[in-house]
Amino acid sequence: MARAALTVLLAGLTTSAIAAPHDSTRTTPSIGYIDVSVATLWTNPSKPRAIDAPALQNPAQIQQWLDSMTTAEYLDLTDSDRTQTQALYGTQVHILNSTDDWYEIAVPDQLTPKNALGYPGWVAAVQVSFNEGYGKLQASKPFAQVESAATVPLYHDPWLRNPIMNISYGTRLPVLSTNPNSRCSIQVSLTSCKTAYLPSNSAKIYNSPSSIPHPTGADLVRSGTLFLSRAYLWGGTSGYAFDCAGFTGTLYRAHGITIARDSGAQATYTGHGVSVEKEALEMRDLLFYATNVSDAASIHHVAMYAGQGEMLEAYGAGVPVRRTGVRFGGEFWGAERVLV
Ligand SMILES: *[C@@H]1O[C@H](CO)[C@@H](O)[C@H](O)[C@H]1NC(C)=O
Ligand SMILES: *[C@@H]1O[C@H](CO)[C@@H](O)[C@H](O)[C@H]1NC(C)=O
Ligand SMILES: *[C@@H]1O[C@H](CO)[C@@H](O)[C@H](O)[C@H]1NC(C)=O
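Mind the numbering: the sequence shown is residues -19 to -1, 1 to 321 in mature numbering (1 follows the signal peptide of the UniProt record, and there is no 0), read in order.
This is how it looks when you write it as structure tokens:
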């Protein structure tokens, strides 16, 4: 709709005048920052449907989008290969390509054999910002990582009265200061470099990803239970809704361990897992499912062992994130323990 309006607006101008900045890779910086609570990456710009509009805006209306979809519409995201992954507010991304209204980006913390720069996909251009000042803050300041809930509110004021937006579990924002006048808020930077505030009890502060304490299995399982009953979303990596590997990958990343984005790649590409026998499973181990259990290339599902014969999983469209008995039959390919 924005594009049609722009075309009408510019219809009388010369060709050179309507060359939008996004058209030229020469004028697009190579690094950007996600400027919405959750940006959805699409297979290509033709993939979003009319009902996906809330996910394409700035601000993005993720909960509204999820609430509006029927199970058939959730399933169609998978069956029509529409969504690839998602990226959280403030994430630094590589710009790979562009059109008038879209950027193709790569998300660095989502490892994939598809692209050495990170997981690729197309996002609405309005969801990316290019503020180098924010990049400098990211590089020089500690970060606050959201850990207390699936989503938490971010505020304009240190008294936590005026909400800006809800941000996801795992979101990392540069810390400007822990508010000396109030023990209840952490002062963080928005992508605009404006100041915002997080409730102190919603986030933990780290100097770098490597200073996140190495988790126990129980830590990972406890974090996983924050998301029970959240929706399944093909491509989902935020606390709002997950796909299977988005769930396990987001949990591990929040605990300082970066694994691959897709289920098959979590088994074969990340490179630091060891096989675990059924009898030796511990909380945190990843359980893989394949259409052909002799062929890792056919892995299509991953879940996390939660102890006592149970696992946590984002199973599929229409099935909320759940704790359920481990399925050892049919499609069970094997289990791996991520050691790093
Ligand atoms: C950029 O994207 C356009 C549109 O999808 C495609 O035709 C073109 O080949 C891409 N360019 C590069 C360098 O990938
Ligand atoms: C944040 O989430 C809460 C409940 O989860 C909701 O009531 C509120 O409207 C949301 N705020 C924004 C700004 O979207
Ligand atoms: C399963 O994979 C193995 C190993 O790649 C292959 O030899 C076998 O033919 C496959 N089975 C089926 C039913 O495709």
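For glycine and all other residues, C-beta sits at the position ideal for the given N, C-alpha and C. Predicted model only: the values in this text are computed from it and were never measured.
Using 6 angstroms as the cut-off, classify the Cβ of Pro144 as near or not near the heavy atoms of ligand 4, replying yes or no. By its list of ligands, the structure shown excludes ligand 4, since it contains just ligand 1, ligand 2 and ligand 3.
Contacts around Trp46, its chain only, beta-carbon distance under 6 angstroms, and the 5 residues preceding and following it disregarded: Pro35 and Ala36
Roughly how far, in whole angstroms, is the beta-carbon of Ser166 from the beta-carbon of Tyr178, given that I think they are within contact range, below 8 angstroms? 4 angstroms
For a quick check, are the C-beta atoms of Ile76 and Ser11 less than 7 angstroms apart? yes
Contact test: Asn147 Cβ vs ligand 2 heavy atom, cutoff 6 angstroms: yes
Could you tell me the alpha carbon to alpha carbon distance between Thr9 and Ser173, rounded to whole angstroms? 18 angstroms
Helix, strand or coil for Ile15 per DSSP? strand
Nearest-angstrom Cα separation, counted from Asp82 out to Pro2: Note that Pro2 has pLDDT 45, beneath the 50 cutoff, so the model's placement of it is unreliable and the number below is only indicative. Going by the C-alpha atoms only, they are around 10 angstroms apart.
Can you tell me which of the three DSSP states Ala131 falls into? coil
If we ignore side chains and look at the alpha-carbon of each, how far apart do Ile148 and Phe228 end up? 16 angstroms
Measuring CA to CA, which of Ser18, Ala68, Leu268 and Asp90 is closest to Arg234? Asp90
Using the C-alpha atoms, what's the distance from Ser18 back to Lys259? 39 angstroms
With a threshold of 8 angstroms, are at least 3 pairs of Cβ atoms found where one atom belongs to the stretch 230 to 250 and the other to the stretch 196 to 209? yes
DSSP three-state label for Val109, please. strand
Should Gln289 be flagged as near chain D, meaning a C-beta pair shorter than 7 angstroms? Structure shown: chain D not included; a single protein chain is present.
Just mark Val109 as buried or exposed, buried being the case when its beta carbon has 16 or more other beta carbons within 10 Å. buried
For the stretch 245 to 255 and the stretch 265 to 282, state whether three or more C-beta atom pairs, one from each stretch, are separated by less than 8 angstroms. yes
Using 6 angstroms as the cut-off, classify the Cβ of Asp57 as near or not near the heavy atoms of ligand 3, replying yes or no. no
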